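J.:
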Amino acid sequence: MKKLSLLFLLVSFLTVNTAFAKDHNYKKDLRYKYWKEYRFDTADKKDKGDGGTTIQVSGLVGVGADMWTASISHLFAPHEDTCDPLVEAFVVMTPDGKGFCVEIDARAAKFWENARHECIEEGKRLPEVAELKYVCINSAEYGISVGNSGSEWSSNFVLLGDDAAGAGKVTVAAMGSSSCNSLKAGRISKDDFGGKPEAYAFRCVR
């Protein structure tokens, strides 16, 4: 009887340790997965073998989930028409008549991070890709000026434009033109951001 008890304890011990090891390895693999997913290089110099900077981002935080984004989370909820009619248009997005305010005219071209900061300082945000494209397609209905602004910034370092030049190369397409329905969202390539940042027009929403 004593031998059976000792055998039972030994088997229990091995079972618990095996389960712990599996759980530990799973968590280790999960951490590596997210580390690998959010690791990126900041400059094209690294590809040429002459230096460059590597930033390693670990954790479960998604792209764009910084303090600024958290501070403006309330700006993503549809609301009643509270727009300033002199500078904003109200875009209806829900059956009950709620939507968001968008600036009628685009602002002067700036780098993406400066455009984003300017909107946040005024209690607004850069539009999401879908919002900006909807504004482009329905600009006449809402009296929004999009004829001469060219490509415009949207959130998360994305540019809305006509990428007919090929993958990674975004050319300026007149907002409001016949190409409005086919506008595509493109991220600025590493070469553009690391080597020569570009400034584009933008408009804020709330």
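In terms of my numbering, the sequence shown is residues 427 to 632. Just so it is clear, CB atoms sit at the ideal spot from N, CA and C, and this is done for glycine as well. In this text, all values refer to a predicted model and were calculated from it rather than measured experimentally.
According to DSSP, simplified to helix, strand and coil, what is ALA566?
T.: ALA566 falls in the helix class under three-state DSSP.
J.: Thinking CYS630 and LYS550 are a contact (beta carbons under 8 angstroms), I'd like their distance in whole angstroms, please.
T.: Contact flag correct, Cβ pair sits at about 4 angstroms.
J.: Can you give the Cα-Cα distance for LYS474 and SER580, rounded to whole angstroms?
T.: Below a pLDDT of 50, predicted positions are generally treated as unreliable, and LYS474, at 35, falls in that range; no measurement from the model is reported.
J.: For the candidate residues HIS543, VAL528, ASP531, whose alpha-carbon lies nearest to that of THR495?
T.: Answer by Cα proximity: HIS543.
J.: Taking its Cβ as the centre, do 16 or more other Cβ atoms sit within 10 Å of PHE628, making it buried, or is it exposed?
T.: By the 10 Å Cβ count, PHE628 comes out buried.
J.: State yes or no: is the C-beta of ALA535 within less than 7 angstroms of the C-beta of ALA625?
T.: Contact: yes.
J.: Straight-line CA distance for VAL572 to ASN564?
T.: C-alpha separation (whole angstroms): 10 angstroms.
J.: Straight-line CA distance for GLU529 to PRO521?
T.: Answer to the nearest angstrom: the Cα atoms are 22 angstroms apart.
J.: Which value, in whole angstroms, describes the spacing of the CA atoms of SER603 and CYS509?
T.: Because SER603 carries a pLDDT of 47, less than 50, the predicted location of this residue cannot be relied on, and no value is offered for it.
J.: Do GLU544 and the ligand COA come close, with the Cβ less than 6 angstroms from some heavy atom?
T.: Ligands in the displayed structure: none, and consequently the ligand COA is not present.
J.: Taking its Cβ as the centre, do 16 or more other Cβ atoms sit within 10 Å of LEU552, making it buried, or is it exposed?
T.: Buried, because 16 or more other Cβ atoms sit within 10 Å of the Cβ of LEU552.
J.: Please name the residue in GLY569, GLU548, LEU558, ALA566 whose C-alpha comes closest to that of SER497.
T.: The shortest C-alpha separation from SER497 is found at GLU548.
J.: So what does TYR626 bridge to, in DSSP terms?
T.: LYS536, per the DSSP bridge assignment.
J.: Does ALA503 come out as helix, strand or coil in the three-state DSSP assignment?
T.: Looking at ALA503 - three-state DSSP - the assignment turns out to be coil, as it is neither helix nor strand.
J.: Taking all protein chains shown into account, do 16 or more other C-beta atoms lie within 10 angstroms of the C-beta of PHE526, making it buried, or fewer, making it exposed?
T.: With 16 or more other Cβ atoms within 10 Å, it is buried.
J.: Might you give, ordered along the chain, the residues of its own chain that have their beta carbon closer than 8 angstroms to the beta carbon of SER554, omitting 5 neighbours on each side?
T.: One detail in the question is off: residue 554 reads as Glu in this sequence, not Ser. Result list for GLU554: SER580, SER581, in chain order.
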